[in-house]
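At position 178 of the sequence shown the residue is numbered 184 (my numbering), and the sequence of numbers has no breaks. Glycine included, each C-beta is placed from N, C-alpha and C at the ideal position. A short worksheet on the structure shown next.
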Amino acid sequence: MFLSAAARSVLSQAARQVRRLHRSAARAGAGGIFVHRDTPENNPDTPFEFTEQNKKRIEAILSMYPEGHKQAATIPVLDLAQRQHGWLPISAMNKVAEVLGVAPMRVYEVATFYTMFLRQPVGKYFIQICTTTPCMLCNSDSILEAIQNKLGIKVGETTPDKMFTLIEVECLGACVNAPMVQINDNYYEDLAPKDIENIIDELKAGRIPPPGPRSGRFSCEPAGGLTSLTGPPTGPGFGVRSDL
């Protein structure tokens, strides 16, 4: 069957878009492209084994799922592997598949779908800066610039000492506290350039700064304090007609 010129053009354009997607998929710097490429530090022969402590944790995780449904534990067991190793090499994914008794592809599907699973090495402190609209309007660019100047790296890079990796991400769900960054599991919010510089200094010194806003407010309360829910809640039936 011969394709028309229009059909060939559409197919050619689609192929270019797929190639462009694969090239751009590594923009974040940690998730990587959707397909695996063997490297000396990341190949099926790279040793990976869960620690004895984590093996016990896996047993506890699997005990929460019905018999025959171990696959439902893919996400928590992958997370455990990543916390142990710092990122997810292909050998760790294969070990998770072995533990769960599923085909490796079932684990690859999950690991490549969720961006919190890191399939490339990252630094000890993984900095994710949000640059989506609310943070951008609150001058996240100045925070990004301060991080880059402080660490001497660009987005997608890791410091030579393997201490810090910086990536740019979409919304992290803390828009009311913009601008903000996530470092490992912690959110640092209401940032000014000096704040992020101080946070980095603390991390370099081996101390974990307390997470949360740097503006002095509690969580996401208004800057001037609470304006509602300032007293104990009323009991059941408040405001309801007595004849109902």
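Beta-carbon proximity check, I173 vs Y131, cutoff 8 angstroms: Result no, Cβ atoms of I173 and Y131 do not sit closer than 8 angstroms.
What is the rounded straight-line gap between the Cα of V41 and the Cα of V187? In a straight line, the C-alpha of V41 is about 28 angstroms away from that of V187.
Pairwise C-alpha distance: R223 and D44: Near 48 angstroms, if we compare the C-alpha coordinates of R223 and D44.
So, Y194 versus P217, is the Cβ gap smaller than 8 angstroms? Between Y194 and P217, the C-beta spacing is below 8 angstroms.
Within 10 angstroms of its Cβ, does L106 collect 16 or more other Cβ (buried), or is it exposed? Counting Cβ neighbours within 10 Å, L106 comes out buried, since at least 16 surround it.
Does Y131 come out as helix, strand or coil in the three-state DSSP assignment? Here Y131 sits in strand by DSSP.
Can you find the residues in the same chain that come closer than 8 angstroms, C-beta to C-beta, to V108, ignoring five residues on each side of it along the sequence? Excluding sequence neighbours, V108 sits near K76, Q77, T80.
How is A170 classed by DSSP in three states: helix, strand or coil? Residue identity differs from the one stated: residue 170 is Phe in this sequence, not Ala. The DSSP-derived three-state label of F170 is strand.
Note down the Cα distance separating L250 from T240, rounded to an integer number of angstroms. Those two C-alpha atoms are separated by around 18 angstroms.
Curious, which full-length beta strand (DSSP E) runs of at least 3 residues does the region 162-230 contain? You should have 170-175, 187-189, 192-195.
Taking DSSP as the reference, what is the three-state secondary structure of N155? Correct three-state label for N155: helix.
Along the chain, where does the alpha helix (DSSP H) containing P95 start, and where does it finish? Annotation: P95 is outside any alpha helix (DSSP H) and is labelled neither H nor E by DSSP.
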